[in-house]
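In the numbering used here, the protein residues as written are 2 to 252. Don't be surprised by glycine CBs; every beta carbon is placed ideally from N, CA and C. In this text, all values refer to a predicted model and were calculated from it rather than measured experimentally.
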């Protein structure tokens with residue numbers, strides 16, 4: 002949906018500029034288990050000047066976005082946004098969540114191919130407290146729901162960058178048997194644009210050692226294929242230095 006606890010919207014001034022150079026830092030952004038999105042952005046497409054740009058989302062708790070029957074996102078960036086920095090945030094749930102309708106839920110979702118030159122660095126996604134700590138994010142439901150830690154549908158004009166993020170501490174259940182578009186659970190998903198993933202600092206999906214940092218349970222007889230990084234489209238991607246491990250699948 003086009004709403005959130007914080008919304009960066011369109012410009013109402015003819016010939017104006019977007020919502021530029023705002024910083025949200027060190028806040029507790031609590032959806033209270035009642036919102037689809039904690040942060041939502043959709044700017045004006047009139048010109049590049051009307052895009053929302055230069056926004057910094059840093060060092061925040063972004064938590065408890067939940068609707069049982071509709072898609073949810075910690076951060077949802079839609080049309081006409083560019084040159085954002087999303088860094089050092091913790092995105093998590095403090096309670097177990099049960100879904101009743103098949104939807105895709107996402108930690109950080111760059112959802113439109115006009116989104117350009119985005120920097121996503123050093124965020125933690127998962128767990129029930131900061132830094133993907135505590136007990137697992139629990140996502141249940143006898144429906145074909147999906148989860149993506151970071152999802153990117155972005156522009157080819159200037160590459161977006163995904164560096165040093167940690168996506169871990171999940172207990173996820175779904176009935177989907179999908180083997181496409183990243184499968185039921187996916188750490189980083191790319192569908193369009195140009196993206197650098199881990200080229201400066203590797204991302205960690207699951208953990209470097211051990212088992213069960215991510216548990217993906219599929220309850221159908223046709224098993225889905227979950228994935229660490231899934232490239233589904235785009236022009237040019239550079240992927241290096243990432244750690245994917247300790248991901249258990251059942252079903």
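Asked	Found
For the beta strand (DSSP E) containing residue 156, list its first residue and its last residue.	Where residue 156 is concerned, there is no enclosing beta strand (DSSP E), given that its DSSP letter is neither H nor E.
In whole angstroms, what is the alpha-carbon distance linking residue 193 and residue 9?	23 angstroms
Taking Cβ positions, are residue 126 and residue 137 nearer each other than 8 angstroms?	no
If you follow the beta strand (DSSP E) that residue 178 is in, where does it begin and where does it stop?	No beta strand (DSSP E) contains residue 178, which DSSP labels as neither H nor E.
Could you check where the beta strand (DSSP E) with residue 113 kicks off and where it finishes?	That residue, residue 113, is in no beta strand (DSSP E); it is neither H nor E in DSSP.
Note down the Cα distance separating residue 115 from residue 103, rounded to an integer number of angstroms.	27 angstroms
Is the beta carbon of residue 164 sitting closer than 8 angstroms to the one on residue 201?	yes
What runs of the beta strand (DSSP E), each 3 residues or longer, lie entirely inside the segment 218-246?	228-232, 237-240, 244-246
So what's residue 193 in DSSP terms, helix, strand or just coil?	strand
Which one of 158, 206, 177 has the shortest CA to CA distance from residue 168?	206
In terms of DSSP beta bridges, what is residue 18 paired with?	According to DSSP, which records beta bridges pairwise, residue 18 is partnered with nothing at all.
Do you know offhand how far residue 111's Cα is from residue 211's?	31 angstroms
Go ahead and label residue 26 buried or exposed: buried means 16 or more other beta carbons lie within 10 angstroms of its beta carbon, across all protein chains shown.	exposed
Where does the unbroken beta strand (DSSP E) through residue 31 begin, and where does it stop?	29-31
Within 10 angstroms of the Cβ of residue 65, are there 16 or more other Cβ atoms? Answer buried if so, exposed if not.	buried
With a cut-off of 8 angstroms on the beta carbons, I'd call residue 107 and residue 152 a contact; round off their distance for me.	5 angstroms
Could you spell out where the beta strand (DSSP E) holding residue 207 opens and where it closes?	205-207
At the level of alpha carbons, what is the spacing between residue 226 and residue 17?	47 angstroms
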